[in-house]
Amino acid sequence: AQSVTQLDSQVPVFEEAPVELRCNYSSSVSVYLFWYVQYPNQGLQLLLKYLSGSTLVKGINGFEAEFNKSQTSFHLRKPSVHISDTAEYFCAVSDGETSGSRLTFGEGTQLTVNP
Amino acid sequence: NAGVMQNPRHLVRRRGQEARLRCSPMKGHSHVYWYRQLPEEGLKFMVYLQKENIIDESGMPKERFSAEFPKEGPSILRIQQVVRGDSAAYFCASSPLEKGGWFFGPGTRLTVL
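As given, the protein sequences belong to chains A and B, one line each in that order.
For the numbering used here, add 420 to where a residue sits in the first sequence, where the first one is 1.
For the numbering used here, add 23 to where a residue sits in the second sequence, where the first one is 1.
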């Protein structure tokens, strides 16, 4: 079985400050890790994903995440946030990226960027 | 190439009525997944379908909920005799035959009065 824990339900930051959204996972098989963003009243948009290879993954909108197998973590970071980054962020894990695999989501972290 | 489409975007039903949620996958995608997002929670897997087949419905409530993905037309998630606890956002995702990940629709927000 797989599970995801997002350690912070709400993260308020000021504009242009750095931010880290924490995610820990558990899995008994190989993992594929994802971060999605959900803007108010919209669907989920893929920010980035880790499938294999380099443990530092770069995504859209200046976000990046680092896969740490020993700590079973996949924290999301951005060096300088904008007001427009205000949204809900979901970490997710899967046992594959082929059809038939399914995503297990964390509870989400609400990032609020204040001026 | 249009994305995953869901309709309606918002649906209001009274207790005891039926709710029908539709999902049209991306062109060329033959796999559909339904997820439910309850208020203040993450998304939870409900069901995975291919054309004319239910592959995995382990996340579906045992009663009142059903899903289909016919040979022609959209996938339908049907909730009979809705209750207030069914109020949630229901998201559909589609994927291609092989690798490619999942593409999510904008969701249907169901409110049960």
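Beta carbons: idealized from backbone N, C-alpha and C, even for Gly.
With distance defined between alpha-carbon atoms, name the residue in the options nearest to residue i.
i, options, result
"alanine 112 of chain B", "B:Glu63, B:Leu133, B:Gln104", "B:Leu133"
"serine 448 of chain A", "A:Thr492, A:Leu441, A:Val501", "A:Thr492"
"phenylalanine 127 of chain B", "B:Gly39, B:His52, B:Phe92, B:Leu34", "B:His52"
"serine 423 of chain A", "A:Tyr459, A:Phe487, A:Val513", "A:Val513"
On the three-state DSSP scale, how would you describe residue i?
i, result
"aspartate 79 of chain B", "strand"
"arginine 37 of chain B", "coil"
"serine 429 of chain A", "coil"
"asparagine 481 of chain A", "helix"
"serine 504 of chain A", "helix"
Excluding sequence positions up to five away, which residues of its chain have a Cβ less than 6 Å from the Cβ of residue i?
i, result
"asparagine 30 of chain B", "Arg45"
"proline 535 of chain A", "Glu435"
"arginine 36 of chain B", "Ala42, Val105, Val135"
"glutamate 527 of chain A", "Gln426"
The beta strand (DSSP E) with residue i in it runs from where to where?
i, result
"methionine 49 of chain B", "Careful: methionine 49 of chain B lies outside any beta strand (DSSP E) and carries neither H nor E."
"threonine 475 of chain A", "Where threonine 475 of chain A is concerned, there is no enclosing beta strand (DSSP E), given that its DSSP letter is neither H nor E."
"arginine 87 of chain B", "Note, arginine 87 of chain B: premise wrong, no beta strand (DSSP E); not H, not E."
"asparagine 444 of chain A", "443-446"
"glutamine 73 of chain B", "66-73"
Looking only at its chain, what residues have a beta carbon closer than 7 Å to the beta carbon of residue i, apart from the 5 residues adjacent to it on each side?
i, result
"glycine 82 of chain B", "Lys67, Phe68, Met69, Val70"
"threonine 506 of chain A", "Leu531, Thr532, Val533"
Who are the near neighbours of residue i in its chain, counting only those whose CB is closer than 8 Å to its CB and skipping five residues on each side?
i, result
"valine 431 of chain A", "Val439, Leu441, Thr529, Gln530, Leu531, Thr532"
"valine 433 of chain A", "Val439, Val501, Leu531, Thr532, Val533, Asn534"
Checklist entry - Using a beta-carbon distance cut-off of less than 7 Å, what residues from the stretch 54-68 of chain B approach chain A? => result His54, Tyr56, Glu64, Gly65, Leu66, Phe68
Item to check | Cβ-based contacts, 7 Å cut-off: residues of the stretch 28-42 of chain B near chain A | outcome: So nothing in the stretch comes that close.
Next on the checklist: Give me the subset of the stretch 459-486 of chain A whose CB atoms are less than 8 Å from a CB atom of chain B, sorted by chain position.
Outcome noted: Of all residues in the stretch 459-486 of chain A, Asn461, Gln462, Gly463, Leu464, Gln465, Leu466, Lys469 have a Cβ within less than 8 Å of some Cβ in chain B.
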